[in-house]
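For the sequence shown, the numbering used here gives the first residue as 244, with consecutive numbering after it.
Where is the CB? At the ideal position from N, CA and C, for every residue including glycine.
What follows is a set of notes on a single structure, which appears directly below.
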Amino acid sequence: MPDHSERALATHAADAGALPEGIHRIALPTPFPIGRVNLYLLEGDPLTLVDTGVNTGTSLDTLEQVLAGLGHRLEDIEQILLTHEHVDHVGLSTVIAHRADCPVAAYAPLQALFDPDQDQGQITGARMGWGMAQLERNGYPHELTVGSLPAFHLMMALGSRPVIDLPLRHGDTVRAGGRDWEVRHRPGHSPSDVLFVDPSSGTALAGDHVLSGTSSNPILAPPLEVLVPDETTDRLPSLQLFVKSMQQTAADDLLLLLPGHGPLVGPPGELIAERLAFHDKRAEKFLEMLDASEPQTTYALATRMWKSVVLTQPSLTHSEVIGHLDLLIADERAREVPLADGVVGFIAT
Ligand SMILES: [Zn+2]
């Protein structure tokens, strides 16, 4: 078995500072364009792993090699903390929790969503169906949404639905690696995004909330509390939530963010200002593309913006367009109008 641990522990030239004492970054491979996912091992009481990588044998082997190099076994892990629900962060959590017999802590509503006593087949099926219905409601052709189903299933296969033993709420404190971390709910990239903040050092375990290399997508989702969404379930205004969350984080006086991908981030104020400006500019661009009388679907807008990427990334392109339209709608600069067959379009007001 090749030893991948050196690469997984490598620092980035762009790291904005050093990792705090007793915290190790473990960058595990993923099959996604984003590249590696950062896990953090927090040494101290209790020995804690923050996020878990995708649910593959390679990912698990690499993690075990890295842990061994740091003097730990997988079985030594005493707690898993999850920054959010995405598969590259939760993938191995069930396997690790089982092997290490340790609790998993995450944002509280994930406890019901992942509850093994619920009909998980029904929940995942309904949530997948909800995503497809959202696409078709916004003009994405039926054959395209059906064609994207295998990609949804592949995503699910790389993930996990762990039992959440420690449900965390905004304002709670969780002990991990000899530090007390405050839980701050900062939704937008996903509904379950939390920051774990050590106020004494200004350090935050930040998941995908703010990344230095790329603007995190405001991924379309139904509310976490609606386990089995249907056509009447409204989407969360992901980008509006995200903007508000980033503004809160900018006001938090943080010195170092330990992100879910890429290099460590310093005081995030400037980067957040850049991200907010990027979203404003992109919203303006969509506004320019809108007409005052001829409604356009998000599919039409996404196709004009990204051409064939729409065919390979229907959900992501729709999430981006609808997120920016939500900003324009909130400013009363755009409006949703019904078209034929339950499809909706958008016009400038
Ligand atoms: Zn994510």
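Looking at C-alpha atoms only, which residue of the options is the closest neighbour of residue i?
i: PRO352; options: PRO430, LEU317 and THR295; result: PRO430
i: LYS487; options: VAL508, PRO434 and PRO510; result: PRO434
i: THR337; options: LEU533, ARG418, LEU411 and LEU401; result: LEU401
i: ALA348; options: GLY364, LEU292, PRO393 and PRO384; result: LEU292
i: HIS332; options: THR254, SER443, VAL297 and GLU379; result: VAL297
i: ARG422; options: ALA256, THR273, ILE572 and LEU290; result: LEU290
i: PRO405; options: LEU335, ASP451, ILE277 and VAL280; result: LEU335
i: ASN281; options: ASP451, ASP344, GLN354 and THR388; result: ASP451
i: GLU474; options: VAL564, TRP373, ALA535 and LEU544; result: TRP373
i: ALA251; options: VAL309, PHE275, PRO346 and GLY278; result: VAL309
i: PRO274; options: LYS524, THR299, LEU409 and ILE320; result: THR299
i: LEU599; options: GLN354, LEU387 and THR546; result: The question about residue 599 has no answer here: the residues shown for the chain are numbered 244 through 592.
i: ALA535; options: ASP569, GLY588 and GLN490; result: GLY588
i: LEU570; options: ALA526, GLY512 and LEU438; result: ALA526
i: LEU324; options: LEU378, CYS345, GLY414 and ARG547; result: CYS345
i: ASP288; options: LEU387, THR295, GLU321 and ALA256; result: GLU321
i: GLY445; options: PRO511, THR476, ALA394 and HIS432; result: PRO511
i: PRO393; options: ASN460, ALA256, ALA449 and GLN556; result: GLN556
i: PHE395; options: PRO538, MET375 and ALA257; result: MET375
i: TYR283; options: ASP495, GLN483, PRO461 and ALA449; result: ALA449
i: ILE339; options: TYR350, ARG279 and ASP319; result: ASP319
i: LEU500; options: GLU579, ASP258 and HIS567; result: ASP258
i: ARG478; options: PRO461, ALA256 and LYS524; result: PRO461
i: LYS524; options: HIS567, HIS255, VAL389 and TYR383; result: HIS567
i: HIS341; options: PHE485, SER403 and TYR383; result: SER403
i: LEU313; options: GLY265, GLN491 and THR295; result: GLY265
i: LEU554; options: SER391, GLN491, VAL417 and MET399; result: SER391
i: PRO538; options: PRO472, ARG279, GLU579 and MET398; result: GLU579
Which whole-angstrom value describes the C-beta separation of residue i and residue j, a residue pair presumed to lie in contact below a C-beta threshold of 8 angstroms?
i: ILE366; j: LEU470; result: 5 angstroms
i: VAL453; j: LEU514; result: 6 angstroms
i: ASN381; j: THR541; result: 4 angstroms
i: ALA447; j: LEU285; result: At roughly 13 angstroms, the Cβ-Cβ gap does not stay under 8 angstroms, so ALA447 and LEU285 are not in contact.
i: LEU507; j: LEU262; result: 7 angstroms
i: LEU467; j: ILE565; result: Actually they are not in contact, since the Cβ atoms of LEU467 and ILE565 sit about 18 angstroms apart, beyond 8 angstroms.
i: ARG370; j: PRO465; result: 7 angstroms
i: GLY509; j: GLY260; result: 6 angstroms
i: SER248; j: LEU378; result: Rounded, the Cβ-Cβ distance is 40 angstroms, inconsistent with contact.
i: PHE357; j: ILE407; result: 6 angstroms
i: SER455; j: PRO502; result: 7 angstroms
i: HIS604; j: TYR350; result: It is not possible to answer for residue 604, since the shown part of the chain is limited to 244 through 592.
Using a 10 Å radius around the Cβ and a threshold of 16 neighbouring Cβ atoms, would you call residue i buried or exposed?
i: ASP574; result: exposed
i: SER481; result: buried
i: HIS504; result: buried
i: ALA577; result: buried
i: ASP436; result: buried
i: ALA311; result: exposed
i: GLU328; result: buried
i: ARG593; result: Since the first residue shown for the chain is 244 and the last is 592, residue 593 is missing from the structure and cannot be characterised.
i: GLY368; result: exposed
i: GLU563; result: buried
i: ARG316; result: exposed
i: THR592; result: exposed
i: HIS385; result: exposed
i: ARG547; result: exposed
i: LEU544; result: buried
i: ASP360; result: exposed
i: PRO581; result: exposed
i: ALA493; result: buried
i: ASP495; result: buried
i: LEU484; result: buried
i: ASP362; result: exposed
Between residue i and ligand 1, is there a pair consisting of the residue's CB and a ligand heavy atom that are separated by less than 7 angstroms?
i: HIS428; result: no
i: HIS327; result: yes
i: SER558; result: no
i: HIS561; result: no
i: GLU451; result: Note that residue 451 corresponds to Asp in the displayed sequence, not to Glu. Yes, the beta carbon of ASP451 sits closer than 7 angstroms to at least one heavy atom of ligand 1.
i: SER435; result: no
i: HIS432; result: yes
i: HIS332; result: yes
*Taking contact to mean at least 3 C-beta pairs separated by less than 8 angstroms, is the stretch 516-535 in contact with the stretch 256-275?*
no
*Should the stretch 298-315 be regarded as contacting the stretch 527-546, the criterion being three or more beta carbon pairs within less than 8 angstroms?*
no
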